[in-house]
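Colleague:
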Amino acid sequence: MDKPMLQVYCGDGKGKTTAAVGLAVRAAGAGLHVFFTQFMKGDESSELRVLRTVPGIEIMKPEKHYGFSFEMDDGQKREITACHNAILDAALRHLKNGDTDVIVFDEIFSAYSCGLLDEEKVHRVLSVPQTAEIVMTGRDPAEWILSGADYITEMRLVRHPYEKGISARRGIEF
Numbered sequence: 002m003d004k005p006m007l008q009v010y011c012g013d014g015k016g017k018t019t020a021a022v023g024l025a026v027r028a029a030g031a032g033l034h035v036f037f038t039q040f041m042k043g044d045e046s047s048e049l050r051v052l053r054t055v056p057g058i059e060i061m062k063p064e065k066h067y068g069f070s071f072e073m074d075d076g077q078k079r080e081i082t083a084c085h086n087a088i089l090d091a092a093l094r095h096l097k098n099g100d101t102d103v104i105v106f107d108e109i110f111s112a113y114s115c116g117l118l119d120e121e122k123v124h125r126v127l128s129v130p131q132t133a134e135i136v137m138t139g140r141d142p143a144e145w146i147l148s149g150a151d152y153i154t155e156m157r158l159v160r161h162p163y164e165k166g167i168s169a170r171r172g173i174e175f
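In the numbering used here, the protein residues as written are 2 to 175.
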């Protein structure tokens, strides 16, 4: 791959994870190795069921569902923080070993803004010589991340069924 770049998918609209999944599938289809990670998401989502069947995609995420950050007690916050830090450590190993072509950090901005990961590890991930394309998703990315990004795609909410009381639907929102 030519020069690896940093991609950011952010905003309050739907489609950030969907875009990252699409890029992961495209990369794997081209024979690239993808390390697809999820932060804050412990449930098994529909996209992960498919990604697990795609050769060349490795997945790492919390094994347990902790709910929303404002619902977590201190013990749960410590547990999920340790899990998120383990994901960052694995990504650092991949970057240092040069054995991965694309790393996706899905919903990392939520974990970052809630203080549920070691911010210094995020700085280290983005400061090591980039051997892989990095994709980061979520709402409200830190300004220092945006300033270093090569791509920034913002998904903007215009209308969403949730506003009418319609719950998330399997296969569409999760």
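Positions of the beta carbon are idealized from the N, C-alpha and C atoms, including for glycine. Given the structure is predicted, the values throughout are model-derived calculations rather than measurements.
Just grab the DSSP bridge partners of Y10 for me.
Modeller: According to DSSP, Y10 bridges with T138, T154.
Colleague: For a minimum of 4 consecutive residues, which ranges assigned as the alpha helix (DSSP H) are wholly contained in the segment 75-156?
Modeller: For the segment 75-156, whole alpha helix (DSSP H) runs of length 4 or above, ordered along the chain, are 75-98, 109-114, 120-128, 144-149.
Colleague: Return the CA-CA distance between S148 and K4, expressed in angstroms with no decimal places.
Modeller: Rounded to the nearest angstrom, the two C-alpha atoms are 18 Å apart.
Colleague: Under three-state DSSP, which class holds V35?
Modeller: Looking at V35 - three-state DSSP - the assignment turns out to be strand.
Colleague: With E48 as the anchor, note down where its beta strand (DSSP E) starts and where it stops.
Modeller: Counting along the chain, E48 falls outside any beta strand (DSSP E), though it belongs to the alpha helix (DSSP H) covering 47-52.
Colleague: Looking at C-alpha atoms only, which residue of A143, T101, E155 is the closest neighbour of A1?
Modeller: Absent from the structure is residue 1, since the part of the chain shown begins at 2 and ends at 175.
Colleague: How long is the line joining the alpha carbons of T159 and N98, rounded to whole angstroms?
Modeller: Inspection of the sequence shows that residue 159 is occupied by Val rather than by Thr. Their Cα atoms are separated by approximately 42 Å.
Colleague: Near V22, which residues of its chain fall below 6 Å by C-beta distance, leaving aside the five closest residues on each side in sequence?
Modeller: Closer than 6 Å at Cβ, skipping near neighbours: E48.
Colleague: When the Cα of C115 is compared with those of S70, T19, E45, which residue comes out closest?
Modeller: Ranking the options by Cα distance to C115, first place goes to S70.
Colleague: Cutting at 6 Å between CB atoms, please list the residues of its own chain near Q8, excluding the five before and the five after it.
Modeller: Cβ within range, chain order: V136, Y152.
Colleague: Looking only at its chain, what residues have a beta carbon closer than 6 Å to the beta carbon of I88, apart from the 5 residues adjacent to it on each side?
Modeller: Counting only Cβ-Cβ distances below 6 Å, and skipping sequence neighbours, we find T38, M61.
Colleague: Excluding the five sequence neighbours on either side, which residues of its own chain have a C-beta within less than 6 Å of the C-beta of C11, listed in chain order?
Modeller: Around C11: P142, E155.
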